[in-house]
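Asks:
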Amino acid sequence: MKKVKVEEAVGMVLAHDITEIVPGRRKVVAFQRGKRIEKEDVERLLDLGKKHIYILESDEEGIHEEEAALRIAKALMDENMEILPPKEGKVSIISKVDGLFYVDKGGLQKVNMVKDVLFSTLPNRYPVKRGDVVAATRILPLYIDEKYLKKVEGIKKKVIWISPYTKKKIGIVVTGSEIYNGRIQDGSMIVEEKLRQMRCEIVGKRIVDDEISMIRDSILDLMNMGADIVVTTGGLSVDPDDVTKEGIEATGARVIFYGTPVFPGAMFLLGFLDGKYILGAPACIYYNRYTVFDIILGRILAGENLESMKKSHVASLAYGGLCLGCNPCHYPACFFGKAT
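In our numbering, the protein residues as written are 1028 to 1367.
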C-alpha cells in the first residue's frame, strides 16, 4: 500500500473506501476500494478533503480490512445469524430469526483485547427480530497481520448466539369485577396482539370476577386445554379486592417470585405448576408498551428455564430495568429495547 498525491494517482487502484459526509443529510461511499482513479475523479477527491490516497501494490502483506472483518464475523456468529456485505471496512451481522440475543461478556472482552480488532454487540438477552443488526466488526488499519485474526478464530468459547422463540400455547385469564360485570370494556386485546406478534397460539380466554375460586378454576381449565403458559391480566396490586395472587396460589402453583425491581411492572408474579408457567401480569400492560412481562415472556419463549430463578436473579433485573418510555424505543442498553 502506497501513499500518493491525488493528482498523481490517475490510473492507480484505490486501496480503501472513501466516504462522503454531508452533515445532517447523508453518509455514503463516494469511492469504493478497487476503483481505478480517473482524471475526472481528482477534483471530487480534493472536494472531499483528500490530498493523498492509498493505492494498491502487488506486494501487499497482511489481510485487507474487508476480508479480515468477514473472518472475524464468521468465527464468532452462530447459525441463526448472517453477514451483510462489507461497507467502509465494517461488517454487520444480522439475525435470521426472532429470538433473544446472547453475548458472553468475558468472551467479548477477550476478542477486543486482540490488537487492532473491534467487535461490538447488542446487550445480553436483547430481543431481536429477523433482519435486526446484532453485532458489527472491523479492524483499525487497512491491513492486519494474519496472527491476530488467528487469535480471534482460536477463541473456543461461544461469544454471541441467538435462541429462537419457540411457539407456545397461551391461555388468558382476565380478572376484575368491573370487566366481569360489563361495567368497562375488556382491554386484553392489547395483550392478545402482543402474544400473536410473538407467534404464540391463544387456546382460550376467561373473564372472571375477583373471586379466588373462579381464578383458580379458569387457570386449571386452560391448562387442561393444553396451555403451556397462562397469563392473568387485571393486576396484582395490594388492593383488598385484588385476589389474583391468591387465586394463582390456590391452583397449587409454586410462586417463583412476586414483585420485581423493573418499572413499569413492579407487581409481577411468576408461578410454576406441573411444568407450566403462570404469568401474573401487572395492570400496566394495558397502557405501557413494554413492561417486565415482555422480559420474562421473552426468556421463556427463548427456552430459558426460570423454574429455579433465585432472588438474586430477580434483583439483577434492576440494572437496565427502568423504561423511560422512549418513542421510538431506541436506547441500546435498555432491557425493553425492541421487545415485541
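We put the CB at the ideal spot given by N, CA and C, even for glycine.
Please report how far the alpha carbon of Arg1281 lies from the alpha carbon of Leu1176, in whole angstroms.
Replies: Straight-line Cα distance between these residues: approximately 50 Å.
Asks: What whole-angstrom Cβ distance do Ala1163 and Lys1101 have, given they're in contact under 8 Å?
Replies: The Cβ separation is near 14 Å, so there is no contact.
Asks: Could you check how far apart the C-beta atoms of Ile1189 and Phe1128 are, in whole angstroms? I think they sit under 8 Å.
Replies: Right, the Cβ-Cβ distance comes to about 5 Å (below 8 Å), so this counts as a contact.
Asks: Within a Cβ cutoff of 6 Å, which residues of the same chain sit near Ile1305, ignoring the five residues on either side of it in sequence?
Replies: Cβ neighbours of Ile1305 beyond the five flanking positions: Val1257, Ile1275, Ala1280, Gly1298.
Asks: Could you say which of Asn1332, Thr1046, His1079 lies nearest to Glu1034 if we only look at CA atoms?
Replies: With distances taken between Cα atoms, Glu1034 lies closest to His1079.
Asks: Would DSSP call His1043 helix, strand or coil?
Replies: It is coil, neither helix nor strand.
Asks: With respect to 7 Å, is the separation between the Cβ of Ile1182 and the closest non-hydrogen atom of the ligand ZN below this value?
Replies: The ligand content of the structure shown is nil, which means the ligand ZN is not present either.
Asks: Jot down the residue ranges of each uninterrupted beta strand (DSSP E) in the segment 1060-1099, minimum 3 residues, whole runs only, in chain order.
Replies: Runs of the beta strand (DSSP E) inside the segment 1060-1099: 1079-1082.
Asks: Got a sec? Which residues, its chain only, sit under 6 Å from Glu1238 by beta carbon, not counting five neighbours each side?
Replies: Hits under 6 Å: none found.
Asks: Return the CA-CA distance between Lys1077 and Asn1107, expressed in angstroms with no decimal places.
Replies: When rounded, the distance between both Cα atoms is 41 Å.
Asks: Which residue comes first and which comes last in the beta strand (DSSP E) that contains Phe1299?
Replies: Here the beta strand (DSSP E) through Phe1299 covers 1296-1300.
Asks: Give me the Cα-Cα distance between Tyr1192 and Gly1286, rounded to the nearest whole angstrom.
Replies: C-alpha separation (whole angstroms): 25 Å.
Asks: Report all residues from its chain with a CB closer than 6 Å to the CB of Ser1204; omit the five preceding and five following residues, and keep chain order.
Replies: Taken in chain order, the residues that qualify are Asp1236, Asp1237.
Asks: Select from Ser1215, Lys1156, Ala1096 the residue whose C-alpha is nearest the C-alpha of Leu1167.
Replies: Cα-wise, what sits closest to Leu1167 is Ala1096.
Asks: Answer yes if the segment 1146-1157 comes into contact with the segment 1121-1136, meaning at least three C-beta pairs across the two stretches below 8 Å, and no otherwise.
Replies: Cβ pair count under 8 Å is three or more, so yes.
Asks: In terms of alpha-carbon separation, which member of Ile1217, Arg1071, Lys1194 lies closest to Ala1329?
Replies: If we check each option's Cα against that of Ala1329, Lys1194 comes out closest.
Asks: Please name the residue in Gly1262, Leu1324, Thr1318 whose C-alpha comes closest to that of Cys1385.
Replies: Coverage of the chain is limited to positions 1028 through 1367, which leaves residue 1385 absent and any answer about it impossible.
Asks: Count the other C-beta atoms from every protein chain shown that fall within 10 angstroms of the C-beta of Ser1343, then say buried if there are 16 or more, exposed otherwise.
Replies: It counts as exposed.
Asks: For Met1252, collect the residues of the same chain with a Cβ closer than 7 Å to its Cβ; drop the 5 residues on either side in sequence, then sort them by chain order.
Replies: So the list reads Gly1198, Val1230, Gly1231, once near-sequence residues are dropped.
Asks: Looking at Ser1264: is its Cβ nearer than 8 Å to the Cβ of Ala1310?
Replies: Their beta carbons are under 8 Å apart, which means Ser1264 touches Ala1310 by this criterion.
Asks: How many angstroms separate the CA atom of Asp1248 from the CA atom of Ala1277?
Replies: Each residue's alpha carbon lies about 13 Å from the other.
Asks: If you run the structure through DSSP and keep just helix, strand and coil, what is Ile1189?
Replies: Note: Ile1189 maps to strand in three-state DSSP.
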